[in-house]
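Every letter in the sequence shown is one number past the one before it in full-length UniProt numbering, and letter 18, counting from 1, is 18.
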Amino acid sequence: MLTDAKVRKIKPLEKKTKYSDEKGMYLEVTPSGGMHWRMKFRFNGKENIFSIGTYPETSLAQTTCFV
Numbered sequence: 001m002l003t004d005a006k007v008r009k010i011k012p013l014e015k016k017t018k019y020s021d022e023k024g025m026y027l028e029v030t031p032s033g034g035m036h037w038r039m040k041f042r043f044n045g046k047e048n049i050f051s052i053g054t055y056p057e058t059s060l061a062q063t064t065c066f067v
């Protein structure tokens with residue numbers, strides 16, 4: 001489970017990386033340093049991804065209303 005302290009310490013790697021939180025939510029970090037909150041879910045049997053916002057503009061606490 002992610003915490004705000006853990007998120008602040010995340011550094012970009014050479015390829016896109018996902019850091020899971022809970023119930024399908026994760027933080028996607030790009031090589032250029034972009035951090036995007038996403039949520040994976042199923043609708044009518046098909047997997048979808050919902051973009052919640054970018055970090056730090058959207059905090060971890062703000063994303064909890066989607067879980």
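Glycine included, C-beta positions come from ideal geometry on N, C-alpha and C.
Since the structure is predicted, the reported quantities are computational estimates derived from the model, not experimental observations.
Return no unless some Cβ of chain B is closer than 7 Å to the Cβ of residue i.
{"i": "Thr3", "result": "Among the chains of the structure shown, chain B does not appear; only one protein chain is present."}
Taking just the CA atoms, how far does residue j sit from residue i?
{"i": "Lys40", "j": "Lys11", "result": "22 Å"}
{"i": "Phe50", "j": "Val7", "result": "19 Å"}
{"i": "Tyr55", "j": "Cys65", "result": "16 Å"}
{"i": "Ser20", "j": "Ser59", "result": "15 Å"}
Are the CB atoms of residue j and residue i within a distance shorter than 7 Å?
{"i": "Lys18", "j": "Tyr26", "result": "yes"}
{"i": "Thr37", "j": "Gly53", "result": "According to the sequence shown, residue 37 is Trp rather than Thr. Cβ distance < 7 Å, so Trp37 and Gly53 count as in contact."}
With DSSP as the reference, identify every bridge partner of residue i, one or two as the case may be.
{"i": "Glu47", "result": "Arg42"}
{"i": "Leu27", "result": "Tyr19, Trp37"}
{"i": "Thr54", "result": "His36"}
Where do the N-terminal and C-terminal ends of the beta strand (DSSP E) with residue i fall, by residue?
{"i": "Thr63", "result": "Counting along the chain, Thr63 falls outside any beta strand (DSSP E), though it belongs to the alpha helix (DSSP H) covering 60-63."}
{"i": "Lys15", "result": "Lys15 -> no beta strand (DSSP E), and no H or E assigned at all."}
So residue i and residue j are in contact, right, with Cβ under 8 Å, and what is the actual spacing, rounded?
{"i": "Pro31", "j": "Leu13", "result": "7 Å"}
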